[in-house]
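In what follows, a single structure is set out as structure tokens and then discussed.
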Amino acid sequence: MTDEQKLNPAGPCILVIFGASGDLTKRLLIPSLYHLKRAGLLPEAFAIAGVARTNETSEAFREALHASLQQIAEEPLDGSAWDWLASRIRYLPGDLDNPQTYERLSALLKEIDGTSGTAGNYLFYFAIPAAAFENVAKRLGAAGLVNETPGHWRRIVIEKPFGTDLPSARELNRVLWQHFQEDQIFRIDHYLGKETVQNIMVLRFANGLLEPIWNRNHIDHVQITVAESIGVEKRGSFYDATGALRDMVPNHLFQLLTLVAMEPPACFEANATRNEKGKVLESIRSMTPESVKSDVVRAQYSTGNVNGQAFRAYWQEPHVSPVTSTETYVALRLMIENWRWAGVPFYLRTGKALAVKKSEVIVRFKHAPFTLFQDTPVEQLTPNDLALMIQPDEGANLRFNAKVPGPVMRIGAVEMKFNYGQYFKTQASTGYETLLYDCMIADASLFQRADNIESAWRIIQPVLDDWSTPGRDKLPVYAAGSEGPAEADKLLQRDGRTWRRLAPKHEPETS
Ligand code: BG6
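Residue numbers for the sequence shown follow this note's numbering, beginning at 178 and rising by one.
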């Protein structure tokens, strides 16, 4: 989204939230809409229609949203912004399996169009379990609610999981396409709502400095880490059926990977960017049963201690099978077979119950070809790293070598640090503001296209196949609160490399 577009409020529309009584509405959607209103980006002719099974009135629905917004807000609420929003919220109780719900919804939308000037433009947000996506899409189609006519748009927003493997992802796309054109479908990956993730493109393509060295001639390898310190919390049954690979890799980690690895798009337009991301995914070397065994590590957390808090083992968590073989950690070594990246490994890791919460991309540069300094062989010098910090620290750090002050020639690693918070006064945001606004203005740059989703599943399908073969080895474990399993360290050691520590010690590295 460009600044120019951002200055204008979106056009008239109604946001219909299916599953409106759930957590997503309270935690993310309503706070984002409130922030959008305060930023002047919602149109006067705007309304929200919440649909869910709970039998309650619009009044009670608004009050519950108000209470949770107050709880979440870091500052006292802006009363007039809330009143503006509240006056536009309606609630419709209804069973999403019942065709009559859609008839009543259709009547309600027409009524709102008549009184509020929302012009028959509807954004249907599926805040419902993925298992219900296909059914709700079919019923919306059957009710004639999705047909666009000149000047009236209809769009849907869905959020991962987009299938659980390649065949189910294809099937979901097939069903969606029966009722919607691809440009009516907005698939959210919430990582693309993060400023720091969007910044990867800016850093790469708004600075001439990096492009000449952003390739196999200068980069040794890339590490992509999304470490979480939380366990599976209350999501045991979902997580046990899903695992770290499906939950995080084809979506969030691949978004980071494609942003780091893609070629500059022809223009800053949705399909141009998505084409380039697609090419990266298509260039990833296909895995075989042998390479799955050598290049993919999975593990489960055992008992331990995270930030001073005792953790039970994964298999002891509520709603998790005591004999589970679901991974809570996965690390992979991927090769991108194109001219820019041939021979440069991309190491990805993600896991729960790790030492710290930290998402970052480390771009490790090759060593200086030889060193002038006696007694400091090249291989002992600390390599140059560019760290793109996604969360909780937000910014970018460049590590390089400098002379340690003193009469003796000693070399130490130092860092140049850019921190978002220090440079920019940031406003309260959930990360969904941009995403919601972009759906309203039909800018699909930050949304996933069907072919990109299928390419991502295609890459990991051999891993899913291999892991589901009976008789595979027992999963390695790592202590909760640690940096992950020893097997993940070996994955890099084998290539003469090491992971950047999650919780580094603070003494300067010298050689
Ligand atoms: C979700 C996963 O998509 O992303 C969760 O289902 C995970 O398991 C979450 O905790 C991580 O998101 P974030 O924004 O906290 O890094």
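Note that beta-carbon positions come from the ideal geometry of N, C-alpha and C, so glycine has one too.
Buried or exposed: which applies to residue i, given that a residue is buried once 16 or more other Cβ atoms fall within 10 Å of its Cβ?
i	result
residue 379	exposed
residue 600	exposed
residue 527	buried
residue 672	exposed
residue 435	buried
residue 689	This structure does not reach residue 689, given that the chain is present from 178 up to 688, and the question cannot be answered.
residue 227	buried
residue 217	exposed
residue 366	buried
residue 424	buried
residue 192	buried
residue 694	Missing from the structure shown is residue 694; the chain here goes from 178 to 688 and no further.
residue 546	exposed
residue 406	buried
residue 234	exposed
residue 560	buried
residue 221	exposed
residue 504	buried
residue 186	buried
Compute the Euclidean distance between the alpha carbons of residue i and residue j, then round it to the nearest angstrom.
i	j	result
residue 398	residue 431	16 Å
residue 327	residue 297	11 Å
residue 595	residue 602	14 Å
residue 253	residue 243	12 Å
residue 314	residue 618	21 Å
residue 363	residue 200	20 Å
residue 291	residue 225	14 Å
residue 304	residue 578	49 Å
residue 487	residue 529	14 Å
residue 377	residue 294	39 Å
residue 543	residue 385	20 Å
residue 438	residue 232	49 Å
residue 689	residue 195	One cannot answer for residue 689 here, as it falls past the ends of the chain, which runs 178 to 688.
residue 633	residue 347	12 Å
residue 417	residue 502	8 Å
residue 446	residue 478	42 Å
residue 597	residue 524	26 Å
residue 334	residue 300	7 Å
Identify whether residue i lies in helix, strand or coil by the three-state DSSP scheme.
i	result
residue 329	strand
residue 190	strand
residue 366	coil
residue 429	helix
residue 407	coil
residue 522	strand
residue 464	coil
residue 383	coil
residue 472	helix
residue 604	coil
residue 179	Residue placement at residue 179 is flagged as unreliable, the pLDDT there being 45, under the threshold of 50; a coordinate-derived value is accordingly withheld.
residue 620	coil
residue 423	helix
residue 528	strand
residue 254	coil
residue 537	strand
residue 497	coil
residue 300	strand
residue 557	helix
DSSP has residue i in a bridge; who is on the other side?
i	result
residue 572	566, 596
residue 270	229
residue 324	Per DSSP, none; premise fails for residue 324.
residue 586	Paired residues: none, contrary to the question.
residue 479	656
residue 402	526, 537
residue 511	523
residue 487	482
residue 506	476, 528
Residues in its own chain within less than 6 Å of residue i by CB, not counting five upstream and five downstream?
i	result
residue 689	Outside the displayed span of the chain (178 to 688) sits residue 689, for which this structure offers no information.
residue 325	331
residue 466	643
residue 680	532, 533
residue 209	607, 609, 610, 613
Excluding five sequence neighbours on each side, which residues of the same chain lie with their C-beta closer than 7 Å to the C-beta of residue i?
i	result
residue 329	296, 297, 298
residue 413	494, 495, 496, 497
residue 451	626, 629
residue 499	492
residue 403	425, 429, 430, 527, 536
residue 393	517, 518, 519, 520, 521
Once you ignore the five residues that flank residue i on each side, which residues in its own chain have a CB closer than 8 Å to its CB?
i	result
residue 320	276, 279, 280, 282, 283
residue 472	464, 509, 510, 511, 668
residue 202	194, 196, 227, 242, 304
Examine chain C for any beta-carbon lying closer than 7 Å to the beta-carbon of residue i, and answer yes or no.
i	result
residue 482	Among the protein chains of the structure shown there is no chain C, as only one such chain exists.
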